[in-house]
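Residue numbers (this note's numbering): 79 to 237.
The beta-carbon is built from N, C-alpha and C at its ideal position, and this holds for glycine as well.
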Amino acid sequence: MIVSYTHADGTVESVSTDDLSAIESAVIESATGMEWDAVDTALRSQNPTAMRAVLWVNRKRSVPTLKFSDFDLAGWKRRTKARLEYAEIADMLEVLYRETPEPEELEQMCGYMRTLAHEPADVDRALKEMDPKAPAVVDRPVQAEPALVPADSASEPMS
Numbered sequence: 079m080i081v082s083y084t085h086a087d088g089t090v091e092s093v094s095t096d097d098l099s100a101i102e103s104a105v106i107e108s109a110t111g112m113e114w115d116a117v118d119t120a121l122r123s124q125n126p127t128a129m130r131a132v133l134w135v136n137r138k139r140s141v142p143t144l145k146f147s148d149f150d151l152a153g154w155k156r157r158t159k160a161r162l163e164y165a166e167i168a169d170m171l172e173v174l175y176r177e178t179p180e181p182e183e184l185e186q187m188c189g190y191m192r193t194l195a196h197e198p199a200d201v202d203r204a205l206k207e208m209d210p211k212a213p214a215v216v217d218r219p220v221q222a223e224p225a226l227v228p229a230d231s232a233s234e235p236m237s
């Protein structure tokens, strides 16, 4: 996941959870009281504590004394987001291809992934890599700020 925060001056601070060290991940678990799988699920559902913890750990790299209780994100709801990276999309598509026989269902899930992707085109790239014989994919419109995933699927892990 890529967690990003847009500051009031327009600069964007972002961090990929793939770039976290094992110690940093453990610090996030300790700060949030969640195991890493729960943190990952919380990020997918835009949980403010999980997003704040990832950004906090990243900020601690330059400000080692920064406490989680003192780290806040003004306007977090509109300025902070967590989005899927290519590797996560490819992993999800692999599972979807095995478990989703209906093309309509697969396309619907791909639509959700495009909405949640850091780079929506990564979904089509991963699809193409899974099936090189597939016809060229046309660009699809992506919602500016999605309604995320349906409530019944938000609590289930996507990997």
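Burial state of residue i, where buried means 16 or more other Cβ atoms lie within 10 Å
i      : result
Ser82  : buried
Met170 : buried
Pro198 : buried
Val215 : Per-residue confidence for Val215 stands at a pLDDT of 46, beneath the threshold of 50, marking its modelled position as unreliable; no derived number is given.
Thr110 : buried
Pro213 : Bear in mind that the predicted position of Pro213 carries a pLDDT of just 49, short of 50, making it too unreliable to give a figure here.
Gln186 : exposed
Glu177 : exposed
Glu166 : buried
Asp97  : exposed
Straight-line gap, residue i to residue j (C-alpha atoms, nearest Å)
i      : j      : result
Glu182 : Lys145 : 47 Å
Tyr175 : Ala160 : 24 Å
Thr158 : Leu151 : 8 Å
Thr84  : Ser108 : 25 Å
Arg192 : Phe149 : 30 Å
Asp209 : Tyr164 : 16 Å
Ser140 : Leu194 : 29 Å
Ala120 : Gly88  : 25 Å
Arg203 : Leu184 : 15 Å
Glu180 : Glu172 : 15 Å
Nearest-angstrom Cβ-Cβ length linking residue i and residue j, presumed shorter than 8 Å
i      : j      : result
Thr95  : Met79  : 5 Å
Cys188 : Leu205 : 7 Å
Ala131 : Ile106 : 5 Å
Asn136 : Val93  : 4 Å
Start-to-end residues for the alpha helix (DSSP H) that takes in residue i
i      : result
Val201 : Ala199 to Met208
Asp148 : Looking at the DSSP string, Asp148 is not in any alpha helix (DSSP H), and its letter there is neither H nor E.
Asp169 : Tyr164 to Glu177
Met187 : Pro181 to Leu194
Segment limits, beta strand (DSSP E) that includes residue i
i      : result
Val90  : Val90 to Ser94
Arg156 : Counting along the chain, Arg156 falls outside any beta strand (DSSP E), though it belongs to the alpha helix (DSSP H) covering Trp154 to Arg157.
Ser103 : Run containing Ser103: none in the beta strand (DSSP E); it sits in the alpha helix (DSSP H), Ala100 to Thr110.
Any C-beta of chain C under 8 Å from that of residue i
i     : result
His85 : In the displayed structure, chain C is absent; only one protein chain is listed.
Any non-hydrogen atom of the ligand NAD closer than 7 Å to residue i Cβ
i     : result
Asp87 : As far as ligands go, the structure on display features none, and thus does not contain the ligand NAD.
Starting from the N-terminal side, write out each stretch of the alpha helix (DSSP H) that is 4 residues or longer and does not extend beyond the stretch 113–146.
-> 114–122 and 126–138
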